[in-house]
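In this note's numbering, the protein residues as written are 117 to 447. Heads up, the beta-carbon is just placed ideally off N, CA and C, and yes, glycines get one too.
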Amino acid sequence: MGGAETPRERLARLLEAAAGQAPHTPAERLRALLTELEIRVANMKGVGAEVLSIPPLLDRAVDLVEQLRADGVDVQPEETRLENVLNQFRRKAPLFLREAGGARALAKLRAQHHPPRERWWWYVDELVAQERRQRLLRWAKMAAGILLLLVLAYFFIQSRLPKDPRVRRMVDLQMALDSAVAEQNWPEAVRILEELRTLDPTDPSYAVELGVLYEHLGEKEKAREAFDAARALTDEGTYYKLRAMAYLHVGDAKKALREAQQAVRLRPDDAEAYFYLGNAYELLSDVPHALEAYEKASELAQAQGQEQLYAVIRVRMAYLLQRPPVETKEP
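What follows is the structure, encoded as structure tokens:
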């Protein structure tokens with residue numbers, strides 16, 4: 117028995133089955149063309165660059181409709197079919213771009229045809245990018261609201277909830293740690309982490325961050341001991357995820373990338389692991405891979421109901437999408 121039919125093979129079979137006799141009149145050519153377009157637009161997934169035949173075919177269909185209408189032919193049924201094809205193509209524009217090879221592939225084809233702006237199917241890359249920016253800006257506004265709520269929640273906790281001095285002390289230490297890391301005051305950060313670790317010896321993140329800081333300060337033996345202690349407190353995937361986060365805190369993007377890649381291999385459904393992977397790529401100015409990692413992280417966060425993380429990720433994506441592109445010279 118042969119293998120399963122590939123998407124390209126399925127498309128070729130459907131087109132061959134629909135071909136029939138060669139059309140002779142403009143009306144017959146239009147109907148045959150619409151049938152081909154209906155098949156191609158409905159079967160874009162998995163066919164790759166085959167989808168690039170669709171914009172020129174749409175041009176031909178529109179030209180035939182205009183020609184027949186000018187000749188006084190009733191083309192209302194064909195116009196309805198064409199409108200349905202265009203609506204379906206518009207809905208599936210992101211899939212079209214992925215199969216085509218991205219905006220650059222469409223732009224290259226567009227340069228060969230010089231289509232007018234009103235033939236929007238040649239410019240779906242711009243439409244998709246605009247919709248993505250608008251969507252991310254909406255999420256940025258939502259994230260700003262969430263951030264405000266978090267700030268208010270923090271002050272509420274500080275003033276009302278933590279009756280336990282230990283809890284209050286840990287909150288204060290965490291804020292002090294963030295400040296020490298931001299100022300690159302590594303000895304102070306180590307001191308704070310040692311105290312946090314004493315207050316909560318079961319949290320592996322403190323041991324991991326200590327290990328990274330000791331490593332950063334050249335104290336290899338202390339770093340090894342801290343890493344070993346962290347490893348004993350959690351699973352391997354979480355351990356590497358925490359290492360990625362800690363390396364990001366000290367600005368070591370290359371090591372963070374290495375650890376995050378290991379984390380997503382071990383925890384392929386972990387939204388935070390993909391988020392840290394995106395952070396690392398972003399610090400390394402690898403915007404395409406950063407966006408790819410953030411997209412995966414946002415899908416996982418949304419599916420898992422992690423609304424705050426989802427909002428933060430979409431803000432990062434909105435920022436990257438609005439950064440000016442890096443110009444590259446053609447070889």
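My output table needs one value for E152: the three-state DSSP class, helix, strand or coil. Note: E152 maps to helix in three-state DSSP.
Which whole-angstrom value is the C-beta distance of A387 and V380, which I expect to be below 8 Å? Not really, about 10 Å apart at Cβ, beyond 8 Å.
Euclidean distance between Cα positions of W302 and A296: Computed Cα separation, rounded: 7 Å.
C-beta atoms of R145 and L168 nearer than 8 Å: Taking C-beta atoms as the reference points, R145 and L168 fail to come closer than 8 Å.
Extent of the continuous alpha helix (DSSP H) to which W302 belongs: Its alpha helix (DSSP H) spans residues 302-315.
Option nearest V283 by Cα separation, candidates L293, A298, Q300, L312: Measuring from the Cα of V283, the nearest candidate turns out to be L312.
In this structure, how does DSSP classify L400 when only helix, strand and coil are distinguished? Look at L400 here: in three-state DSSP terms it is coil, with no helix or strand label.
Chain-order list of residues whose beta-carbon lies under 8 Å from that of Q137 (same chain, five-residue window excluded): There are no such residues.
Provide the residue span of the alpha helix (DSSP H) that contains D288, from first to last. Run containing D288: 281-298, per the alpha helix (DSSP H) assignment.
According to the neighbour-count rule (16 or more other Cβ atoms, all chains shown, within 10 Å of its Cβ), is S401 buried or exposed? An exposed status is given to S401, since fewer than 16 other beta-carbon atoms sit within 10 Å of its beta-carbon.
Check whether the segment 219-232 and the segment 403-419 touch, using three or more Cβ-Cβ pairs below 8 Å as the test. Contact fails: fewer than three Cβ-Cβ distances are below 8 Å.
State the Cα-Cα distance for the pair L174 and K412, rounded to the nearest angstrom. When rounded, the distance between both Cα atoms is 33 Å.
At which residues does the alpha helix (DSSP H) containing L464 begin and terminate? This structure cannot speak to residue 464, because the chain is shown only from 117 to 447.
Starting from the C-beta of L211, find all residues in its chain whose C-beta is less than 7 Å away, skip the five residues before and the five after it, and write them out in chain order. So the qualifying residues of the chain are M160, K161.
For the alpha helix (DSSP H) containing P210, list its first residue and its last residue. Unbroken alpha helix (DSSP H) run through P210: 209-216.
Measuring straight from C-alpha to C-alpha, what distance separates A360 and L326? One Cα belongs to A360, the other to L326, and the distance between them is close to 13 Å.
Can you tell me whether A434 is helix, strand or coil according to DSSP? Of the three classes helix, strand and coil, the one that applies to A434 here is helix, per DSSP.
Tell me which residues share the same chain as L150 and place their Cβ nearer than 8 Å to its Cβ, disregarding the 5 neighbours each side in the sequence. Closer than 8 Å at the Cβ level, and outside the excluded window around L150, lie A177, E194, R197, L198, V201.
In chain order, what residues of the same chain lie with their CB nearer than 8 Å to the CB of K330, ignoring the 5 residues before and after it? Checking the sequence, you will find Tyr at residue 330 rather than Lys. Answer for Y330: V306, K336, K338, A339, A342, listed in chain order.
If V448 and R124 are in contact, beta carbons under 8 Å, what's the gap, nearest whole angstrom? There is no way to answer for residue 448, as the model of the chain reaches only from 117 to 447.
Could you tell me the distance, in whole angstroms, from the CA atom of D187 to the CA atom of P139? Taking the straight line from one Cα to the other gives about 18 Å.
Straight-line CA distance for D316 to D344? Roughly 17 Å between the two C-alpha positions.
Give the range of the alpha helix (DSSP H) segment to which Y239 is assigned. It is not in any alpha helix (DSSP H) - Y239 carries neither H nor E in the DSSP assignment.
Pull up the distance between the alpha-carbon of A346 and that of Y435, whole angstroms please. Rounded to the nearest angstrom, the two C-alpha atoms are 34 Å apart.
Rounded to the nearest angstrom, what separates V324 and T314 at their Cα positions? So the alpha carbons of these two residues sit roughly 14 Å apart.
Sequence-distant residues of the same chain with beta carbon closer than 8 Å to V308, five excluded per side: Rather than Val, the amino acid found at residue 308 in this sequence is Ile. Counting only Cβ-Cβ distances below 8 Å, and skipping sequence neighbours, we find L289, A292, L293, A296.
Figure out for me which residue from N203, A227, I429, W237 has the closest Cα to the Cα of G394. Residue I429 holds the alpha-carbon nearest to the alpha-carbon of G394 among N203, A227, I429, W237.
Tell whether a beta-carbon distance below 8 Å holds between Y392 and A372. Their beta carbons are under 8 Å apart, which means Y392 touches A372 by this criterion.
For D377, tell me which candidate among A135, K357, G421 has the shortest Cα-Cα distance. The displayed chain sequence assigns Gln, not Asp, to residue 377. From the listed residues A135, K357, G421, the smallest Cα separation to Q377 is found for K357.
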